[in-house]
Amino acid sequence: MFKRIPGTKDILPEETSSWQTVEATARRIFSFYNYREIRTPVMEEASLFNRTLGATTEIVQKQMFLIHNQEDTYALRPEGTASIVRSYLENNLEKTSGFTKLYYIGPMFRLERPQKGRLRQFHHIGVEAIGSTLASLDIEVISLAEQLLKGFGITGYQIKINSLGCQKDKQALSAAFKKSLPEKLPQLCADCQRRAKNNVLRILDCKNEDCQKIVKTLEAGHTHLCPDCRNHFEEVKRGLNDLGISFQVVPQLVRGLDYYNRTVFEITHSDLGSQDAIGAGGRYNDLVRELGGPELGAMGFAFGVERLLLVPNALRQNPPKKLVYLITLGEAAKSAGIKILNQLRNAEIPADTDYLNKSLKGAMRAANDAGATFVLILGDDELKKHAISVKDMANSTQKEVFLQNLIQELKC
RNA sequence: GUGGCUGUAGCUCAAUUGGUCAGAGCUUCUGAUUGUGGUUCAGAAGGUUGCGGGAUCGUUCCCCGUCAGCCACCCCA
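Each residue of the first sequence is one higher than the last, beginning at 6 in this note's numbering.
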């Protein structure tokens, strides 16, 4: 027997209804904000991610599914932003539409060790708004994220925000760290010693208390932000307050991807355990230029669909179903039944029947299990009268209806 | 990638110190006199106890390996 490869999941009909609700809710809310959908390939040149996420990030170094062919190395996308900025530029959207608001829904791939809330194929619902550096965009994007959560029926989340500063600020902070860090290095945990080489800023959000103490003795907090970045961040916070969005400023919040600058945010939920971030995002003002485009500000975020669905009571309600179940008795009725089924479906009435030659009792059970609202019974008695018995399953009432009136009867 | 825990029917779990213990509930299927569901009752089906070694007269229960899942770290959505 074949098995799923580790870290992937089959989403069975029982669950797909929740997925459809999440997706439909998201699409509806995106439309209120005038975001339009973009779909890009799940594969890209591997070097695209190298360039955008950062060559030393764990995702690029260890977690990409690579596909080697004779000439190139492709990667299954580990996230959406890089592909979308690539597509934005390749299709000249900066020339044809200038400021652009896009959303995407689809699978992402990372070769991590599977865990609850961490799969090797998982799904993002995200947005990218490209072409503005204004704080009003940061505010809209974060409020959109919260609006989605409300739409999904999720409560009890926490919005954490921070500003990394512009590229210069980030570099200055990194440089300061690299200068003052070497003497402290032996006192840091093993992970932080590694971070010191790869991604110095991540030392800021180490959970180890000793590391935290050492970091505090170094230059940290928002003191490294230049006046422009500081003003921008203040404006964002004011805007969020004006909208009544409650958030928490977390100076240690550092996103793991290189392209982020200025505003970053993360939304966590305490009911999820170790992998508690249900969504995150931020600004990436230099990414468009980095990929060969003009100087354009941009901001985005993504939710992890699997993680959203882990939140208790989120989107569990199944919409009431309407189904008509046809039971036929005997050969003559069976062939007449095929036509009736066809007519019902053409009239857009969901209809099904028994395919196992069950007894009437067995077929009734099957109808009940299928959630039928009405059962149609067609036997010799009915055939003679050109009629059919219609049973309302909710209240067990039954009546005979002429075949010519059947659809009208079921429509109301 | 690191550490720990777990792995018995489709699902949730039992099985005294290794010796008729491979079981229950739910699910599924079939019946309960003629063409009627949900409740109830009866019966049936379903397991090489994750897989592979080892120790033992003998193991679901012990040891080793392996795979998978879970938890934490790491990483991140």
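For each residue, glycine too, the CB sits at the ideal point set by N, CA and C. What you are looking at is a predicted structure, and each value in this text was computed from that prediction instead of being measured.
query                                                                                                                    : result
Residue range of the alpha helix (DSSP H) that includes residue 18                                                       : 18-37
Those residues which DSSP pairs with residue 330 across a bridge                                                         : 357 and 380
Option in 272, 362, 368 and 191 with minimal Cα separation from residue 380                                              : 368
Paired residues, beta bridge with residue 397 - DSSP                                                                     : 379 and 402
Range covered by the alpha helix (DSSP H) that runs through residue 343                                                  : 336-351
For residue 399 and residue 430, the rounded distance between their alpha carbons                                        : A query on residue 430 cannot be resolved here, the shown segment of the chain reaching from 6 to 417 and no further.
Residue(s) in a DSSP beta bridge with residue 168                                                                        : 268
Cutoff 8 Å; reference residue 146; Cβ partners in own chain excluding five residues on either side                       : 132, 134, 286, 304, 305 and 306
Under the three-state DSSP convention, the category residue 294 falls into                                               : helix
The segment 294-302 in contact with the segment 91-102 per 3-pair CB rule at 8 Å                                         : yes
Assumed close pair residue 254, residue 206 - CB separation to whole angstroms, cut-off 8 Å                              : No, residue 254 and residue 206 are not in contact; Cβ-Cβ is about 17 Å, not under 8 Å.
Local conformation of residue 105 per DSSP, three classes                                                                : strand
N-terminal and C-terminal residue of the alpha helix (DSSP H) that residue 71 is part of                                 : Where residue 71 is concerned, there is no enclosing alpha helix (DSSP H), although the beta strand (DSSP E) it sits in stretches over 71-73.
Where residue 83 falls, given that 16 or more other Cβ within 10 Å makes a residue buried                                : buried
CA-to-CA distance, residue 189 to residue 219, given in whole angstroms                                                  : 8 Å
Run of the beta strand (DSSP E) containing residue 132, from where it starts to where it stops                           : 126-135
Pair within 8 Å by beta-carbon distance, residue 267 and residue 231                                                     : no
First through last residue of the alpha helix (DSSP H) which encompasses residue 50                                      : Segment 48-50 is the beta strand (DSSP E) holding residue 50; no alpha helix (DSSP H) there.
CB of residue 113 within 8 Å of CB of residue 85, strictly                                                               : yes
Proximity of residue 137 and residue 104 at Cβ, strictly below 8 Å                                                       : yes
Nonlocal neighbours in the same chain, by C-beta distance under 8 Å from residue 270, ignoring five residues either side : 147, 150, 164, 165, 166, 167, 252, 258, 285, 286, 287 and 306
Neighbourhood of residue 152 by C-beta, 7 Å cutoff - its chain only, sequence neighbours within 5 removed                : 34
Option in 291, 63 and 331 with minimal Cα separation from residue 171                                                    : 291
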